[in-house]
Amino acid sequence: MRALLLHPAAKPVVFVLCLLPLAYLVVGAAADSLGANPAEALIRAAGDWTLRFLCLTLAVTPLRLRTRTPQLARFRRMLGLFTFFYACLHLLAYGWLDMGLDVADIGRDILKRPFILVGFTTWLLLLPLALTSSNAAVRALGGRAWRALHRLVYLIAPLALLHFFWMRSGKNDFAEVGVYAAIIGALLLERLYRYFTPRTVAGV
Amino acid sequence: MPIRDRRNGFDHPHSRDITPQGVYESRRRWLTLLATGAAGGALAAWAGRDALAQAARPGKLAPLPGVASRVAGAMTMEKSTDYQDATSYNNFYEFGTRKSDPARNAHTLVTSPWTVEIEGLVKKPGKMGLDELLKLAPLEDRVYRLRCVEGWSMVIPWVGYSLAELIKRVEPLGSAKFVEFVTLADPRQMPDLRSGVLDWPYTEALRLDEAQHPLTLLAFGMYGEVLPNQNGAPVRLVVPWKYGFKSAKSIVKIRFVEREPRTAWNKAAANEYGFYSNVNPEVDHPRWSQATERRIGEDGLFAKKRKTLLFNGYEAQVGQLYAGMDLRKNF
């Protein structure tokens with residue numbers, strides 16, 4: 058397993074896997090197989106995948122530590138960037154399919170509706186993380202500042218959940234929100250637990 | 030009479046056994062006539078196929094023919110939504126909250142036998158079977174715009190008659206001011222009743238004058254056939270100038286009352302869903318704009334959404350019902 062994770066083809070394979078949801082949506086839109094309201098299906102699917110990639114990204118470190126698989130760290134940046142990628146698609150789909158790319162309308166909509174404001178803020182917070190994802194950026198910022206900046210994700214995850222919760226409150230249907238909240242909650246609690254318990258094994 | 034064959038076929042002991050020539054000739058004329066009649070019928074259907082094609086029945090369920098409605102505003106010329114879209118993209122929370130759920134789950138709904146109970150402030154309360162309801166007034170074809178509160182719309186050819194016909198027969202008392210519609214809530218037929226999404230049974234209500242408006246339709250069918258389960262079989266309400274959720278599905282009780290009843294969505298979120306819920310582009314839902322809508326299956330993926338019309342375009346017919354009312358306050 059660990060050898061597989063280190064295989065030169067591992068990263069390209071994961072990269073292609075991460076693009077599969079997009080491929081599915083593009084093919085679905087072209088073949089008109091996304092149901093009666095393809096615009097809505099695209100906007101929602103892009104949002105769903107943003108949340109899923111956020112979960113995956115947040116799962117890397119706990120998994121790496123608990124299973125003692127340092128090789129997993131190779132994939133964290135890529136997963137994080139895919140989170141941002143699907144967040145951009147989500148925003149673009151909303152701005153284009155729902156608002157017809159009318160910037161004034163979009164601006165008014167964002168300011169008028171708290172649930173969209175929260176979503177947009179979450180995207181804005183992802184932006185500096187994506188921009189500082191390169192090795193050069195890490196060097197320029199220095200490890201300590203870079204880590205501090207990237208702790209923004211602990212704000213991003215609850216905001217993303219709030220956005221989803223608010224959207225679903227129209228349907229009064231919180232089952233799915235609950236699943237994501239449980240996953241993200243567990244991943245964040247795991248970090249809290251690790252933070253407050255002294256390290257027992259040297260070098261981990 | 031013994032069976033006779035070629036050898037003794039004309040060997041009749043009694044003359045009464047012999048069919049007179051006139052009788053058997055007239056039988057043959059009848060048979061010829063019948064045969065041409067049948068062929069003629071087939072020819073007529075063939076000749077009429079173009080007329081049929083214009084409102085082609087989907088051929089999925091039992092036909093339910095109606096005559097074109099003469100009620101003002103009841104026959105929009107807009108293109109009807111594809112039957113496939115209209116029957117696969119539904120809100121019917123008793124069968125699940127996703128749009129695709131009702132089409133998948135509503136097969137468990139038992140629509141026969143079905144009775145609708147009329148109760149409350151009327152002279153003639155009682156139970157009516159579906160057959161009785163179907164015969165109460167002539168069925169009409171009506172093509173209505175349907176605007177969902179979520180910001181999408183369809184155009185649906187319904188089959189039914191004005192609810193006013195039923196109201197007339199049951200004779201509401203002077204004290205009756207509102208009509209409440211109670212829909213089926215049977216956990217054995219409806220899987221999602223276990224979820225606490227709404228306070229079941231789903232109820233809706235109209236002011237009596239709204240209920241009596243000729244456009245308010247008691248619908249039994251759509252696209253020339255009986256209602257599919259996911260669209261509210263076997264009998265539902267259609268109020269075309271209000272958001273779709275006001276049009277209660279699978280109705281089991283119609284109650285005449287004096288005071289404004291609480292309604293399902295109003296109970297769930299009073300600040301978001303008012304009692305009237307008239308389609309109004311000026312009054313936004315707290316979480317999204319109602320100024321525009323997406324017409325399902327019509328507007329391209331990248332097309333701008335179309336403008337929503339006041340009272341869903343039925344202002345000329347229903348505007349006077351709300352004369353002098355503050356539509357922002359009474360949303």
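So the sequences go chain by chain: C and D. With the first sequence counted from 1, adding 57 to any position gets you this note's numbering. With the second sequence counted from 1, adding 29 to any position gets you this note's numbering. Backbone N, C-alpha and C define an ideal beta-carbon position, used for all residues, glycine too. Bear in mind that the values here come from a model prediction, so they are computed numbers and not experimental data.
### Query
For Leu192 of chain D versus Leu247 of chain D, is the C-beta distance shorter than 7 Å?
Closer than 7 Å, so yes.
### Message
Contact criterion: CB-CB distance below 7 Å. Does Asp114 of chain D meet it with respect to chain C?
### Response
Yes, contact with chain C.
### Message
For Phe210 of chain D, report the span of its beta strand (DSSP E) as first-last.
### Response
Element bounds for Phe210 of chain D: Phe207 to Thr212.
### Task
Name, in chain order, the residues that DSSP records as bridge partners for Tyr303 of chain C.
This structure cannot speak to residue 303 of chain C, because chain C is shown only from 58 to 261.
### Query
For chain C, is any of its Cβ atoms less than 7 Å away from the one on Lys358 of chain D?
Answer no: the Cβ-Cβ gap between Lys358 of chain D and chain C never drops below 7 Å.
#### Entry: Residues sharing a beta bridge with Val190 of chain D, DSSP
Here residue 190 of chain D is Tyr; the residue named in the question, Val, does not match the sequence. Per DSSP, the beta-bridge partners of Tyr190 of chain D are D:Leu247.
#### Entry: Rounded C-alpha distance that separates Glu97 of chain C from Leu93 of chain D
Here the C-alpha atom of Glu97 of chain C lies approximately 33 Å from the C-alpha atom of Leu93 of chain D.
### Task
Tell me Trp106 of chain C's beta-bridge partners as DSSP assigns them.
Answer by DSSP bridge pairing: none, since Trp106 of chain C is not bridged.
### Query
Within 10 angstroms of its Cβ, does Thr245 of chain D collect 16 or more other Cβ (buried), or is it exposed?
Thr245 of chain D is buried by the Cβ-count criterion.
### Message
According to DSSP, Glu322 of chain D sits in a beta bridge with which residue or residues?
### Response
D:Arg335.
### Query
Would you say Val268 of chain D and Lys278 of chain D are within 7 Å of each other, going by their C-beta atoms?
Lys278 of chain D sits away from Val268 of chain D, with the two beta carbons spaced by 7 Å or more.
### Message
Just checking: is the beta-carbon of Asp105 of chain C within a distance shorter than 7 Å of some beta-carbon in chain D?
### Response
So no, Asp105 of chain C is outside the interface.
### Message
Output needed for Ser306 of chain D: all residues of its chain with C-beta closer than 6 Å, excluding positions within five of it in sequence on either side, in chain order.
### Response
Only Lys271, Tyr272 and Lys275 meet the Cβ criterion.
### Query
For the putative contact between Asp228 of chain D and Lys296 of chain D, defined by C-beta atoms under 8 Å, what is the C-beta separation to the nearest angstrom?
Correct: roughly 5 Å between the Cβ atoms.
### Task
Using alpha carbons as the reference points, say which of D:Arg176, D:Ile147, D:Pro142 and D:Phe124 lies closest to Asp160 of chain D.
Nearest C-alpha to Asp160 of chain D: D:Pro142.
### Query
Using a beta-carbon distance below 7 Å, is Arg121 of chain C in contact with chain D?
No, Arg121 of chain C lies away from the interface with chain D (no Cβ there is under 7 Å from its Cβ).
### Boundaries (first-last residue) of the beta strand (DSSP E) holding Tyr173 of chain D
Glu169 to Arg176 is the span of the beta strand (DSSP E), which, as asked, contains Tyr173 of chain D.
### Query
Which same chain residues, not among the five before or five after Ser109 of chain D, have their C-beta less than 6 Å away from its C-beta?
Within the same chain, and ignoring the five residues on either side of Ser109 of chain D in sequence, the residues whose Cβ sits closer than 6 Å to its Cβ are Val184 and Pro186.
### Query
Can you name the start and end residues of the beta strand (DSSP E) that Leu266 of chain D belongs to?
In the DSSP assignment, Leu266 of chain D falls within the beta strand (DSSP E) that extends over Arg265 to Val267.
#### Entry: Best match in C:Pro215, C:Ala116 and C:Leu218 for proximity to Glu247 of chain C [C-alpha to C-alpha]
Relative to Glu247 of chain C, the option among C:Pro215, C:Ala116 and C:Leu218 whose CA is nearest is C:Ala116.
### Message
Can you tell me whether Lys164 of chain D is buried or exposed? The criterion is at least 16 other CB atoms within 10 Å of its CB, across all chains shown.
### Response
The residue in question, Lys164 of chain D, is exposed, as its Cβ has fewer than 16 Cβ neighbours within 10 Å.
### Query
In whole angstroms, what is the alpha-carbon distance linking Pro119 of chain C and Leu184 of chain C?
Going by the C-alpha atoms only, they are around 24 Å apart.
### Query
Under 7 Å between the Cβ atoms of Gln319 of chain D and Ala101 of chain D?
Taking a C-beta distance under 7 Å as the contact criterion, Gln319 of chain D and Ala101 of chain D do not qualify as a contact pair.
### Query
The beta strand (DSSP E) spanning Val145 of chain D covers which residue range?
Segment Thr144 to Gly149, the beta strand (DSSP E) holding Val145 of chain D.
### Query
Since Leu163 of chain D is in the alpha helix (DSSP H), which residue starts that stretch and which ends it?
For Leu163 of chain D, the enclosing alpha helix (DSSP H) begins and ends at Leu159 to Lys164.
#### Entry: Residues near Phe360 of chain D by beta carbon distance below 6 Å, same chain, minus five either side
Result list for Phe360 of chain D: Gly303 and Val312, in chain order.
#### Entry: chain C residues whose Cβ lies nearer than 9 Å to that of Lys278 of chain D
Within 9 Å Cβ-Cβ: nothing; Lys278 of chain D doesn't reach chain C, min ~17 Å.
### Query
In its own chain, which residues sit with a C-beta less than 7 Å from the C-beta of Leu219 of chain C, not counting the 5 before and 5 after it?
Closer than 7 Å at the Cβ level, and outside the excluded window around Leu219 of chain C, lie Val175.
### Task
Decide if the stretch 89-103 of chain C is in contact with the stretch 111-121 of chain D; the criterion is three or more beta carbon pairs, one per stretch, under 8 Å apart.
Output reads yes: the stretch 111-121 of chain D touches the stretch 89-103 of chain C.
### Message
Under 7 Å, CB to CB, which of the residues in the stretch 79-99 of chain C have a partner in chain D?
### Response
Those would be Ala86, Gly92, Ala93, Asn94, Pro95 and Ala96, in chain order.
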